[in-house]
Every structure is written in C-alpha cells, then in structure tokens.
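Enquirer: Throughout, the numbering used here is defined as the position within the sequence shown, counted from one, plus 873.
Every residue, glycine too, gets a C-beta built ideally from N, C-alpha and C.
Since we're looking at a predicted model, the values are computed, not measured.
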Amino acid sequence: MAKEKLIKSKERVRNHGEVFTPEWVVKAMCDLLEKEHCGEDMYEIEKTFLEPACGTGNFLVEIFARKLNHCKDTTDAIKALNSIFAIELLQDNVDEARARLLTMFKDAYPNADGFEIQLAQTILENNVIQGNTLELQDWLINEKWFTVI
C-alpha cells in the first residue's frame, strides 16, 4: 500500500497551513458523526454537508462514497452531489476535489449520458468553490447557504 501524502510542499504548509487529513482519520470522523447522531443515517442522498476547507476533497470523497450507497440511479447520484458543498483557498485543490468527485460519479454510473455528466460537472463547479471561508462566513450565513448549528 502506498503511503498517503499529507503535504504537497513545505512551502504550502508555511504559506497556507495546508496539511491533508489521512484517509483513516476521515473514515473514523465520518463514522463518529453517524454514531453521535444515534444511528441516524447521516449520509442520506439529500442530507447537506459543507466542508469549509476541503483541500483536495478527502472528506468530500468519503461523504459522496457513503451517499452513493443509497443511490439507485444517476438521478439520485446527482441529488447526492448537489447536497455537498465545499470551499477551498487554493484553486489547484478545488480543481482536484471536483475532478475526484466527477470521477467517482462516472465510475459509479459508467452509462451516464453526456447531459448527466455535464450536469454533475456544473453542480461541482457551483458547489465546490475557491475562496477563504473566514472571509465568506458572513455571506454564507446571510445568504442562507448553510445553517449554523
């Protein structure tokens, strides 16, 4: 098994505080979320998630994978994608996160038609955005993009 890369470069760590969460921690945290909600299915198709610092999408990938377990068809998978939101400071990470999710969609539904693939891509372009969450927090709350709990 290849060792996970938790940083891209020391410079990126120094300049942006960029460090990636290992897969085993992502899985454990997603399991814990479900456990803490007393078995409630936290990964239903339309349950909304916001990842405020998504990096290359480690949490997004795990959440989408769990949502895909509930999907019967491409319509469900598109709804699942449309319930996942993310913000990331660095554009190359945004691009990678979007690409990973789109690949998952295509792999799960290899017979998806061109319209469905384009729709999935458009959703990802709108829902996984480049920005600074700390600077966007007032806008996100005021625009009701998500509910603060």
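Relative to the C-alpha of Glu969, which candidate in Glu877, Gly930 and Arg887 has its C-alpha closest?
Expert: Glu969 has its Cα closest to that of Gly930, out of Glu877, Gly930 and Arg887.
Enquirer: Out of Pro895, Ile880 and Thr921, point me to the one whose CA is closest to His889's CA.
Expert: Comparing Cα positions, the closest option is Ile880.
Enquirer: Under the rule that 16 or more other beta-carbon atoms within 10 Å means buried, what is Val886, buried or exposed?
Expert: Classification for Val886: exposed.
Enquirer: In chain order, what residues of the same chain have a beta carbon less than 7 Å from the beta carbon of Ala953, not counting five sequence neighbours either side?
Expert: Taken in chain order, the residues that qualify are Ile918, Phe937, Lys940, Leu941 and Cys944.
Enquirer: On the three-state DSSP scale, how would you describe Glu877?
Expert: Three-state DSSP puts Glu877 in coil, outside helix and strand.
Enquirer: If you reduce the DSSP assignment to three classes, tell me which class Ile1002 lands in.
Expert: Correct three-state label for Ile1002: strand.
Enquirer: Any Cβ of chain D within less than 7 Å of the Cβ of Ile951?
Expert: No chain D is present in this structure, which holds just one protein chain.
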